Each structure stands twice: as C-alpha cells, then as structure tokens.
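Visitor:
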Amino acid sequence: MIKLLKRMDKLSYLLIIVVIGLVILQVYSDLELPTRLTNILTNASLAEAAKAQGFLTDELKTTYQNAILRNGLEMFGFAGISLVSSIVVCFLAARIAAKFSYNLREEVYTHIQKFSISEIDKFSTASLITRTTNDITQVQMVVIMTLRMAIAAPTMAILGIIKAGRIESTANLSLIVVIAVIALVTLVISIFLIVLPKFKKIQELTDRLNLVTRENLTGIRVVRANCAQEYQEKKFDEVNRTVSKTHIFVNRMLNLMNPGMMLIMNGTSLAILWVGAYIINEKPEFLGSVFGFQQITMMIVIAFMQLIMIFIMVPRGLVSARRVREVLDVKPSLSNPANPVSPTEEIKGTVEYEDVSFSYPNSNENVLDHISFKVKQGDTVAIIGSTGSGKTSLINLLPRFFDVTEGKVLVDGINVKDYDMAILREKIAFIAQKALLFKGTVRSNLAYGKENATEAEMKEALKLSMAEDFILNHPDGLDQGVAQGGSNFSGGQKQRLSIARALIKKPEIIVFDDSFSALDFKTDKILRDNLKKLEYNPTKIIVAQRIGTIMDADLILVLEKGKIVGAGTHKELIHNCEVYQEIAYSQLSKEEIDNA
Ligand code: M5T
Ligand code: MG
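Every number in our numbering is 19 more than the matching position in the sequence shown, counting from 1.
1) Return the chain-ordered list of same chain residues with a C-beta closer than 7 Å to the C-beta of V338, the five sequence neighbours on each side being excluded.
2) Return yes when the C-beta of Y372 is under 7 Å from any heavy atom of the ligand M5T, and no when it is not.
3) How is K245 classed by DSSP in three states: helix, strand or coil?
4) For H389, report the span of its beta strand (DSSP E) as first-last.
5) Between the Cα of S391 and those of E125, Y379, I583, spot the shortest distance and give me the residue it belongs to.
6) For D228, which of N153, I136, R462, P418 has the nearest alpha-carbon?
7) Among V461, L546, E365, which residue has its Cα nearest to the Cα of N507?
8) Based on the DSSP output, what are the partners of I586 in its beta bridges?
9) Given a threshold of 16 other Cβ atoms within 10 Å of its Cβ, counted over all protein chains shown, does E365 qualify as buried or as exposed?
10) Does the region 322 to 331 come within contact of the region 290 to 310, defined as at least 3 CB pairs closer than 8 Å?
11) CB-CB under 8 Å to L224, same chain, minus the five flanking residues each way: which ones, in chain order?
12) With a threshold of 7 Å (Cβ to nearest heavy atom), would D533 be considered close to the ligand MG?
13) Check each candidate in D532, K544, V400 and name the one with the smallest Cα separation from L576.
14) Rounded to whole angstroms, what's the CA-CA distance from T76 to K70? Just pull it up for me.
15) If contacts are defined as beta-carbon pairs under 8 Å, then Q396 and N556 qualify, I think. What distance do you get, rounded to the angstrom?
16) DSSP state of N471, grouped into three classes?
17) Go to G99, then tell me how far its alpha helix (DSSP H) extends in each direction, as first and last residue.
18) Just list the residues that DSSP pairs K634 with in beta bridges.
19) Less than 8 Å separating the beta-carbons of V204 and A183?
20) For L416, which residues of its own chain have a beta-carbon under 6 Å away from its beta-carbon, when the five flanking residues on both sides are left out?
21) Excluding the five sequence neighbours on either side, which residues of its own chain have a C-beta within less than 6 Å of the C-beta of A68, listed in chain order?
22) Tell me, to the nearest whole angstrom, how far the beta carbon of L34 is from that of I115; I am working on the premise that it is less than 8 Å.
23) Go ahead and label N62 buried or exposed: buried means 16 or more other beta carbons lie within 10 angstroms of its beta carbon, across all protein chains shown.
24) What do you get for P303, buried or exposed, if any count of 16 or more other CB atoms within 10 angstroms of its CB means buried?
25) For S354, which residues of its own chain have a beta-carbon under 8 Å away from its beta-carbon, when the five flanking residues on both sides are left out?
26) Excluding the 5 residues flanking S135 on each side, which residues of the same chain have their C-beta closer than 6 Å to its C-beta?
27) So, do the region 484 to 492 and the region 508 to 516 have three or more beta carbon pairs nearer to each other than 8 Å?
28) According to DSSP, which residues form a beta bridge with E450?
29) Between K453 and the ligand MG, is the CB less than 7 Å from at least one heavy atom?
30) Is the beta carbon of Y379 within less than 7 Å of some heavy atom of the ligand M5T?
31) Could you give the first and the last residue of the continuous alpha helix (DSSP H) run that contains E373?
32) Taking the beta strand (DSSP E) that E425 belongs to, which residues open and close that run?
33) Measuring CB to CB, does I100 end up less than 8 Å from L44?
34) Closer than 7 Å to a non-hydrogen atom of the ligand MG - does that hold for the CB of K482?
35) Tell me N434's beta-bridge partners as DSSP assigns them.
36) Of the residues K436, T558, G587, G510, which one's Cα is nearest the Cα of F535?
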C-alpha cells in the first residue's frame, strides 16, 4: 500500500497536510463541546442551589446567566467550526483519493500495454480488468476512509480519555469506560479474524465472475448455436452463488458488529448515568460533570468504532493493493534494449530466421524446431502446413510478440531484439489470423494503420484490398459504423478491412496469417495481383492453407510439427516434397498441378 501511495502527486501531499490540520481542528472543537455543557449545567445547578438557600442576589443571577450564555455561544461556535472542517475534509479526501486512483489506473493500464501475450495470460484478461477497475476502487475507498478517520479517531480517543480523566469526581465512571473499550476491542478482534480471509476470496471470485460473464458474452453466438445457454447459465450461477454466499457471510459477520457496538455504547451510557445519579444525589453540583463525562465517553466510543472500521476496510484494501502491485511488479519480458540499434536505410525488407527454436513460456516442448530461411526485399514467402504445425507461432516471432528460445530472427540484418520495438513494428504490417476490428468507424479503424492517413490514402488501401464495393460504394462510405470486434461485417469483409488497415501503413514487410481464408477464389486472386503491383515493393510473408494462394510464391516453406520439411518453389516441391504433394493432391486435380 505504501509503495502504491508513493504515486500521489505533489498537490495531493499538500492537501493531505491541510486535511490533517482540519481533522485536528475538528476533533479539538468536538471535544470543547462537553466542557461547555458541563459549565452550563454547573452554573445552572449552582444558581439553583443558591436560590434554594436564599442568597441568589440579582448580581449573582446575572453572573450565572452571562456564564451560561457565553458557554452556549461558544458551543455554537465550536459546533460550526467542527461542521465546516468536516465538510472540507470530506471534500478534499474525495479529491485526493480520486486523483490517486486516476493516476494508478493510468499507470496499471500503461504497464499492461507492455506485457507480452504470455504475461497477459498469466493473470488472465478478466483478472487484469478486475484489477484495473474494482481493485483500484477498493484502494480508493481505503484512501478516503483513512484520510477521514485514521487521524481523527485515535486523536479523539486519546484526547478524549485525557479530558475525561480531568473531569472531577469521576473515578468510578472511568472504570466503566475502560470496561467498555475492552469489550469493544474483544468483539472486533474476534469478528475480524473470521472475516479477513474472506476478503481475498471475494476479489478472486470477482475475477472469476468477470471471466465467465466475458466469455459468455463474447461467445454468445457459439453458445446459442450449440444451445448451450443452460450449461453457461449453470456455470454462471455457480460462481454467482459463491460470490453472493461469501458476501452474505462477510456482511452478516460485519453486521453482528453493529448491534454489538450499539449495545456496548448504550450500556456504557446507561452505566454512567446510573452511577452518576448516585454521585449527583450526594453532590448536586456535579450534575454538569456527569453529563459532560457521558458526552465525552460517547465520543471516545465512537472514535473506537471508527478505528474498528478502519481495521476492517484497510485489510480489504490491502488485499486489493497487493493485487494491483502484482501487476505493476511484473517486469515485461519483452522490453526495449538499453541501446537500440538503428537500422540503415540501404537494406529494406529482408527477413532471416537463423536456426530458430521456440517453445511457449509455460511449456518446455518446442513448437518450432531449428527453423532457418532467408527472404530478400520484395519476395513472397509462403508458409503452408497442417493446423497446429506452428505457422502462427513462426510469424509471431517477427514483430516480437514472443521472443525466440534459441537462434535469431533478423530484420534488415539486425536482430529483432536489438531494435527499438516501435521502429521494428513500424516496418512490419501484421494481419492476424483472427481479423479484429475496433468499435468506431471504418475511418477510425484504418487510422490504426496510419494515424493521419488522408482520405485518398484510405480509399487507395480499400481499393487494393478489394474492400471497395462494400465500403466506398456504401452511402456512409468511410464513416460506416463498425461494431465491437467488427461483428457487423462478414468474415471475408473483416479480412479485407484488416488487409486495408495493413496496406495503408506502406510497410517494408507484410505478414498475412491465413488472411485470405475467407475470401472467394476470385477476390483472393485479384487481391494477390494487386499486392504484386505495389510500387514500394514490400516483402510478403503469407501463411495459407490453399495451394492456389501460394503457388506463385518465390519460396514456399512446408511446415510439419514445427520443422521445415520442404523449402522451394511450387515446381520443386511438387516433385521432391512428400508432405507438399499430399496437400497439393488433396486440393487440385492432376491437370491443374501439371499445368502450373
Ligand atoms: C502451434 C501451441 C498450439 C500448437 C502449436 C498460439 C499458441 C499456440 N500454442 C501454444 O501453446 N500457445 C499459443 O499461444 O503451438 O500452434 P500455431 O502456431 O498456432 O499453429 P498453426 O498456426 O500452424 O495452426 P493453424 O490452425 O492456425 O493453421 O500445438 O497448441
Ligand atoms: Mg495459425
């Protein structure tokens, strides 16, 4: 928590000092009230006694009246100060806490941006969302609470006790307070020990709830298609039930505390008045002292109750704070090198894999095994192989979504690890296997490729990617809305839009991960012809399943179980690579192959 709190800004520190000052002022004013009450009552009872004994002169009467009036006005004054300071404290505390959580949320968000895919998977997306939202809110609440009570409560308790001790003839009464405080502390500690472990569980369950809800909503089509609503509902119900059970348990326990504390508070009050009655009976002039003492005691008990609330809220916040810290403590495994090498201008668009092996971070089985190949600028390399053979894994290494386990990946002759990542990724346009669009418009989506692309550039890219007919010929044109994930477009349309987003970048290297799979043969063909015509002549790396798509590539790599089992042109492979032959014969007729 302390480590997190270091992230406050300077103004907040200043405001905290103001808050502390105001809180002390408030406590001081509050404690002045019972003293004034004692004075008023004492004066009143003295006047009463004088009257009874018959020596209440007019002069004496005025003195008593004035004293009562003065004390009354002072009470007003102190109550006013207390009210104003407590309002200002609440206001400032809210501001400090909100600003703090704003900063923290931003930091966590920016930090997560640097995570590699495996680091995100380590926490799970759902958990990362809970941590940036719910957990930070918990921490924020604690900050507010602490500012408002953590200083006020102990100050009130200590000063109150000192003040109560000073009131005359109250030795017996003090004993009552001591007993009350012991009872309170015992009550709290026992409840606390039961509840504390549940706080961590609640946050974990929130993660789970988040995960199930998210998965269900993003996969709603699959769920409906498979009539799996009931199954999903059961899954959701299970988590939901556990969450509410835990919440109910925690709240029941905490709510036991309320009546318990009330009982102690009112019991104390009653005991003071009871014992006080005997004192007053003997010495009527102590009327004021007894009532003043009773008031201070209430303040002390309330201060203890606040302390208790802090003791409950803070550990809850600590659980959340720790979860936020866990995220911030991760050192992103993919970081920029200390001294990035700047690429030279002469070489552009070459790619080389040098004896690359790769295994995913949480497994030790190689999904890529000693891969080597080389591509010149402007060449087209195709990668083909059965599903799960490692094609996506292979190209993921190029923009450094993952780092190689062994070997080297070179772009323009420089190891990708030595690049500033922004510069490396500027060179590469990557069209992922799952075409993903963002909520907004076609225009805003294309802007991901190039931030300030002109209308003409956008139109050109859309034409090249064969997206003309359904975007430019549409009445809304570039301002056509895009739903979350691009769900208002067909699979092939999404693919074409993501290709347009890549082309607008005019990159040195374009990577297509099975990006033609949802296109019809004609569109596929025209699009590939368009790619050949690009005057900036980018290097093309194409992962595909269809022989037709890759037949004319300069180099075809045949991948099987993470190994290259064939490399060459279509002509060469059809003669000497068994795996390639199998794929080819399964898709094309003998004539087609011979003709090619
Ligand atoms: C190759 C494993 C997967 C498979 C192998 C993406 C990913 C893959 N794998 C992981 O363990 N973790 C991951 O995050 O790696 O997978 P691929 O590279 O995705 O295969 P592909 O692109 O050739 O397949 P496909 O279906 O896209 O044609 O064993 O378990
Ligand atoms: Mg793949």
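Glycine is no exception: its CB is placed at the ideal position from the N, C-alpha and C atoms. Predicted model, so just to flag it, every value in this text is computed and none were measured.
Guide: From the atom records:
1) F218, K219, Q222
2) no
3) Contrary to the premise, residue 245 reads as Asn rather than Lys in this sequence. Here N245 sits in coil by DSSP.
4) Residues 387 to 394.
5) I583
6) A small fix is needed here, since residue 228 is Leu in this sequence, not Asp. Looking only at N153, I136, R462, P418, the smallest Cα-Cα distance to L228 is reached by N153.
7) It is V461 whose Cα lies nearest to the Cα of N507.
8) Rather than Ile, the amino acid found at residue 586 in this sequence is Ala. According to DSSP, A586 shares a beta bridge with L576.
9) exposed
10) no
11) The beta carbon of L224 sits closer than 8 Å to those of V258, T261, V262, T265, all from its chain and outside the five residues before and after it, given in chain order.
12) yes
13) L576 has its Cα closest to that of V400, out of D532, K544, V400.
14) 9 Å
15) Between N556 and Q396 the Cβ distance is about 7 Å, and since that is below 8 Å, they are a contact.
16) Looking at N471 - three-state DSSP - the assignment turns out to be coil, as it is neither helix nor strand.
17) Unbroken alpha helix (DSSP H) run through G99: 77 to 132.
18) Lying outside 20 to 615, the shown extent of the chain, residue 634 is not represented and no answer is given.
19) No; because the gap between Cβ atoms is not below 8 Å, this pair is not in contact.
20) Counting only residues of its own chain and dropping the five nearest sequence neighbours on each side, L416 has a CB closer than 6 Å to the CB of V423, V428.
21) none
22) Going by Cβ atoms, the distance from L34 to I115 rounds to 5 Å, so yes, they are a contact pair.
23) buried
24) exposed
25) K133
26) For S135, where only same-chain residues beyond five positions count, the Cβ hits under 6 Å are S352, L353.
27) yes
28) The sequence given here places Ile at residue 450; Glu does not occur at that position. DSSP lists F531 as partners of I450.
29) no
30) Indeed, a heavy atom of the ligand M5T lies less than 7 Å from the Cβ.
31) Looking at the DSSP string, E373 is not in any alpha helix (DSSP H); the run it does join, the beta strand (DSSP E), is 370 to 377.
32) 425 to 430
33) yes
34) Checking the Cβ of K482 against the ligand MG gives no.
35) L429
36) G510
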